[in-house]
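This report refers to the structure that appears directly beneath it.
2 protein chains.
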Amino acid sequence: MNSADIKLLKEGYLLAALSQQEFEEVLTHAGVFTLMQNECLFDQGDPATHFFFVLSGTVKLCRIAPSGEEKVMDLVRPGHYFAEAVMFMGGRYPVYARVLEPTRLVELDNKHFLGLLRSNADLCMRLMSTMSQRIHGLVNEIDNLTLQSGAQRVIGYLLQQLPEGTAPPSVRLTVPKHVIASRLGIQPETLSRVLAKLRGKHLIDVHDDQIVFNDVDALRCLS
Amino acid sequence: MNSADIKLLKEGYLLAALSQQEFEEVLTHAGVFTLMQNECLFDQGDPATHFFFVLSGTVKLCRIAPSGEEKVMDLVRPGHYFAEAVMFMGGRYPVYARVLEPTRLVELDNKHFLGLLRSNADLCMRLMSTMSQRIHGLVNEIDNLTLQSGAQRVIGYLLQQLPEGTAPPSVRLTVPKHVIASRLGIQPETLSRVLAKLRGKHLIDVHDDQIVFNDVDALRCLS
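Read top to bottom, the protein sequences are chains B and E.
Following this note's numbering, the numbering of the first sequence begins with 1 at its first residue and continues without gaps.
Following this note's numbering, the numbering of the second sequence begins with 224 at its first residue and continues without gaps.
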C-alpha cells in the first residue's frame, strides 16, 4: 500500500475513528490486491470473512433472486467500503461481488476488526459517533440536492408575486400552499421545507400567510 | 407517546436495531414534550445530557463562531435524530438548538442509552450494522440524484451540438471529455457514467468520439 492508498483508506468513515496505533494494528491484517475486469471477488452465500475498501475501479454488488433474476444492489467506487454491514452481523455475504474494470482493493479481516471493537467499548463509541456524523452529512447533502431546484422555483414564484413599493417587501399568499406547490411541480412538504430553510437563513420571515423578504437581492441571486 | 409516535421513533435508524424489550427499556427513560415557536432547547456549550428525535416541526441547530457570526448547521425534521453523535463522544453540545415552529420532540437519556450499549457488545454491533447500511443507502441516493441532474446536463449539451439533417442523428465530440465535463460542471467520471447509462438504455451508441442518437425524442424528454 503506498502513501496515497493509506491516506484514502484513513479518510473512509470506518477507519477514520481509529487512533494511529489502532489504524496501524488494523493494517497488519489488511491485504491489497488487483482484480481484472469481470473477475469475481466473492459469491452470494460465501461466509463473510472480510470487508473491503475500493482504491480504484468499480465493484458491482448483485443479488440473485430465487427466480434467477439478477439485481444490481450497489456500484462501489473508490473511497468507499463494502461488506462491512454484514461483518457487524456475522454470517454470509448476501450478494456476490464482481469488478467492472481492473480494480484495486484493500481486504480487511473481519475477525480481527471485530475483536478490536469488542475489546474496546470506547472505540465502538467513537465509531458510532463518526457514523452518525456521516449520516447527518449525507442527509444534509440529499436535502440540499432535492431542495436546490425546489428552492429555486419557490423563490422565483415569490419574487414574481412581489408587489412594487411595499416596505418591507412582502407577499401575501392568497392561494393555499398545496395549490402553490402543485403549480410549482413540487411536493407540499418541499414547499414547507424550502420556506423553513429560507427562514432559518433569515432571508424571509413568515407571519401566517404573509411572507416578508429580509434580503431581496440575496433571494434574486438564489432564484 | 401515541402509537404513531412510537412507530416513527422505532423506524429512526438509531432505535431500529433494538429488540422490542430493549426498545421498551429505552422508552422508560424517554420524555415527550412540545416547544413553541422560537423556544430554545439547549445552548451551545451546555453539557450534553440527552439526544432527541423530532416527531413534528423543525429544529434549527446553529453554531456561534468566535467572531459572533451565527451559522446554521442543520435543520432537523420529523423522523430524524439530533445530538446523538455528541452523545457517543460525551462532552458539551457544539451547537444551540431552537425550534422554528411548534415542535414535538422525544428526549432520550444519554447515560441510560450509553449504559445499554456498553453492557451489550452485540447491540453495538447491530447498531453499527444498521448505521453502515443506512450510509450505503444514503450514498446510493446521492449517486442517483447527482447522476440524474448530470444526465440532464449531458443530454442537453449533446442535443445542442446536434447538427441539422444528419441521418442517423449524431454528434462528433471535438473537445476532450474532461473539457466537456468541466464545462457542464460535472466530474469526468459522471460524464462517463451518464454515457454508459444512456448506452445501456439503447438511447445512444458511442463509436470513438461519435455519438449516435437512437431516439432523439426520448432524449429531449429526459433533458
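Even glycine gets a Cβ: it sits at the ideal position worked out from N, Cα and C.
What you are looking at is a predicted structure, and each value in this text was computed from that prediction instead of being measured.
| query | result |
| --- | --- |
| Contacts of B:R134 in chain E (Cβ-Cβ under 7 Å) | I358 |
| Secondary structure of B:K201, DSSP reduced to three states | coil |
| Beta carbon proximity, E:D266 to chain B, threshold 8 Å | no |
| Closer than 8 Å to chain E by CB, B:T146 | yes |
| Test: E:D332 CB closer than 8 Å to a CB of chain B | no |
| Contact between the region 155-165 of chain B and the region 265-284 of chain E (3+ Cβ pairs under 8 Å) | no |
| Three-state secondary structure assigned by DSSP to E:D332 | strand |
| Under the three-state DSSP convention, the category E:I434 falls into | strand |
| Assumed close pair B:T34, B:R104 - CB separation to whole angstroms, cut-off 8 Å | 5 Å |
| One or two residues paired with B:F228 in a DSSP bridge | Outside the displayed range of chain B (1 to 223) lies residue 228 of chain B, so it cannot be described from this structure. |
| Identified DSSP bridge partners for B:S170 | B:V212 |
| E:M310: CB within 7 Å of a non-hydrogen atom of the ligand NAP | For the structure depicted, the ligand NAP is absent and the ligand set is empty, with no information on it obtainable. |
| Residues near B:L219 in its chain [Cβ-Cβ closer than 7 Å; skip 5 each side] | I155, L159, L203, F213 |
| Under 8 Å between C-beta atoms of E:V277 and E:V309 | no |
| Proximity test, Cβ basis, 8 Å: B:C124 and chain E | yes |
| Outcome for E:I307 when other beta-carbon atoms lying within 10 angstroms are tallied against a minimum of 16 | A small fix is needed here, since residue 307 of chain E is Glu in this sequence, not Ile. Label assigned to E:E307: buried. |
| Sequence-distant residues of its chain with Cβ nearer than 6 Å to E:A253 (five each side left out) | V329, L331 |
| CA-to-CA distance, B:S149 to B:T190, given in whole angstroms | 10 Å |
| Range covered by the alpha helix (DSSP H) that runs through B:E24 | 20-27 |
| Neighbour flag for B:F88 against chain E, beta carbons, 8 Å | yes |
| Start-to-end residues for the alpha helix (DSSP H) that takes in E:Y316 | Looking at the DSSP string, E:Y316 is not in any alpha helix (DSSP H), and its letter there is neither H nor E. |
| Assigned secondary structure, B:V194 (DSSP; H/G/I helix, E/B strand, else coil) | helix |
| Limits of the unbroken alpha helix (DSSP H) element including E:G379 | 344-384 |
| Cβ distance (whole Å) where B:T49 is taken to contact B:N120 below 8 Å | 21 Å between Cβ atoms; not a contact. |
| Contact check, E:F305 vs E:V249, beta carbons under 8 Å | no |
| Exposed unless 16 or more other CB atoms sit within 10 angstroms - verdict on B:T130 | buried |
| Selected residue, minimal CA-CA separation from E:S393, among E:R422, E:Q356, E:L370, E:I434 | E:I434 |
| C-beta neighbour in chain E for B:K197, strict 8 Å | yes |
| Selection from E:N225, E:L241, E:N261 that minimises the alpha carbon distance to E:P325 | E:N261 |
| Option in E:L421, E:D345, E:E364 with minimal Cα separation from E:R376 | E:L421 |
| Beta-bridge partners of E:P270, as assigned by DSSP | E:R315 |
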